[in-house]
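Sequential numbering from -10 applies to the sequence shown in this note's numbering. Beta carbons are placed, not taken as given, at the ideal position from N, Cα and C, and that holds for glycine. Computed from a predicted model, the values in this text were never measured in an experiment.
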Amino acid sequence: SLVGNSRELKVVSGPLTLSSLGTNWMLEILSLIRSDGDPGWVCSVLNWDRVPWVEYGPGLEAARKYPPPRLLCFHLPVQLFPKSLQRSKAKIIYTLRCPKDVVVSLYHFSRIVRLFKDPDSLDCFLEDFLSGNVLYGSWFHHVTGWMGLKANKNIFSITYEDGCLPQDLQGSVRRICHFLGKELSEEQVAAVVENVSFQSMKGNKISNFSQMSDKYMDHQKGEFLRKGICGDWRNHLSEAQSQRFDTVFREWMQGLGMTFPWD
């Protein structure tokens, strides 16, 4: 079992995968905060070794051996997240992203990861997404479940859109630091912001997943870090697809009492 304490941090991404939700971005931010803005760690140690993905066997074993303060990553819906951790003093950061951008990003990601079925078309993939027929299930169910715990003082939610612009990212880094109880100097915050920019991460061979074996990822079909922009869905979804998405989104979110940057 994993028992949480105040020196632990859990990063919970929305459903689906690392490339689609800003999880890699958040893990980079937290790794840099942990190292006071020094990029040495993120430039020398692979993402999953710095922050074990607990829902996978090797990640769980690594987490058990990880000395505090631990950084751990989950993609689990709230009903599968360990209750002992929910009741603990561990800090939980929930990261989410505009679901239309998630659809587009995951569509491209599924084409390069060999373990995934190559999508027939974006339109077919969109329908699978809206019906929850994707890895980790429904985005809508995942988000409504975790947002139902937003009153918990040990849970901090943030969107990828909160850091799309450098000035927004600086404020987001400060808010994360405050949540964690770890204050950084202006210079250290600036170092974090510089090293988590999309161009910095894309140029870092440890962060851009170019080190991942061809056994798992077809690097000839595309890159792990593709664009990293907000609103790219407008370049891919038709008006009809966008309206179809909006209808499902409203049905799920109408009782949540929340607004999002992409609303």
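{"Asked": "For the pair the region 215 to 234 and the region 107 to 123, tell me if three or more CB-CB distances fall below 8 Å.", "Found": "yes"}
{"Asked": "By the three-class DSSP mapping on this structure, what secondary structure does residue 42 have?", "Found": "strand"}
{"Asked": "Contact between the region 59 to 69 and the region 219 to 227: three or more CB pairs below 8 Å?", "Found": "no"}
{"Asked": "For residue -7 and residue 166, I'd like the C-alpha separation in whole angstroms.", "Found": "In this prediction, residue -7 has a pLDDT of 47, which is less than 50 and means its spatial position is unreliable; nothing more can be read from the coordinates."}
{"Asked": "My parser needs the alpha helix (DSSP H) runs of 4 or more residues fully inside the region 42 to 106; what are they?", "Found": "46 to 54, 72 to 75 and 88 to 101"}
{"Asked": "What separation, rounded to the nearest whole angstrom, lies between the Cα atoms of residue 191 and residue 215?", "Found": "9 Å"}
{"Asked": "Locate the beta strand (DSSP E) running through residue 144, then write down its first and last residues.", "Found": "144 to 148"}
{"Asked": "Out of curiosity, what's the CA-to-CA distance linking residue 25 and residue 48?", "Found": "24 Å"}
{"Asked": "Using the Cβ count rule (16 or more neighbours within 10 Å means buried), how would you classify residue 152?", "Found": "buried"}
{"Asked": "Given that a residue counts as buried once 16 or more other Cβ atoms are within 10 Å of its Cβ, and exposed if not, what is residue 123?", "Found": "buried"}
{"Asked": "With distance defined between alpha-carbon atoms, name the residue in 23, 239 and 193 nearest to residue 35.", "Found": "193"}
{"Asked": "Is it right to say residue 235 is buried, meaning 16 or more other beta carbons lie within 10 angstroms of its own, or is it exposed?", "Found": "exposed"}
{"Asked": "Does the beta-carbon of residue 19 have 16 or more other beta-carbons within 10 angstroms, so that it is buried, or is it exposed?", "Found": "buried"}
{"Asked": "Rounded to a whole number of angstroms, what is the C-alpha to C-alpha distance between residue 81 and residue 181?", "Found": "20 Å"}
{"Asked": "CB residue 17 to CB residue 178, shorter than 8 Å?", "Found": "no"}
{"Asked": "Please go through the same chain and pick out, in chain order, the residues whose beta-carbon is closer than 8 Å to the beta-carbon of residue -10, but skip the five residues on each side of it.", "Found": "Any reading at residue -10 must be qualified, since the residue scores a pLDDT of 40, below 50, and its modelled position is unreliable; the value itself is stated next. Counting only Cβ-Cβ distances below 8 Å, and skipping sequence neighbours, we find 71 and 73."}
{"Asked": "Which residue marks the beginning of the alpha helix (DSSP H) containing residue 112, and which one marks its end?", "Found": "111 to 119"}
{"Asked": "When you compare only the Cα positions, how much space is there between residue 90 and residue 225?", "Found": "9 Å"}
{"Asked": "Compare the Cα-Cα distances from residue 32 to each of 196, 251 and 170 and report the closest residue.", "Found": "196"}
{"Asked": "Please confirm whether residue 173 and residue 67 have their CB atoms less than 8 Å apart.", "Found": "no"}
{"Asked": "Suppose the cutoff is 6 Å on Cβ atoms and the five residues either side in sequence are ignored; what does the same chain contact list for residue 168 look like?", "Found": "145"}
{"Asked": "Quick check on residue 241: does DSSP put it in helix, strand or coil?", "Found": "helix"}
{"Asked": "Could you tell me the alpha carbon to alpha carbon distance between residue 241 and residue 118, rounded to whole angstroms?", "Found": "14 Å"}
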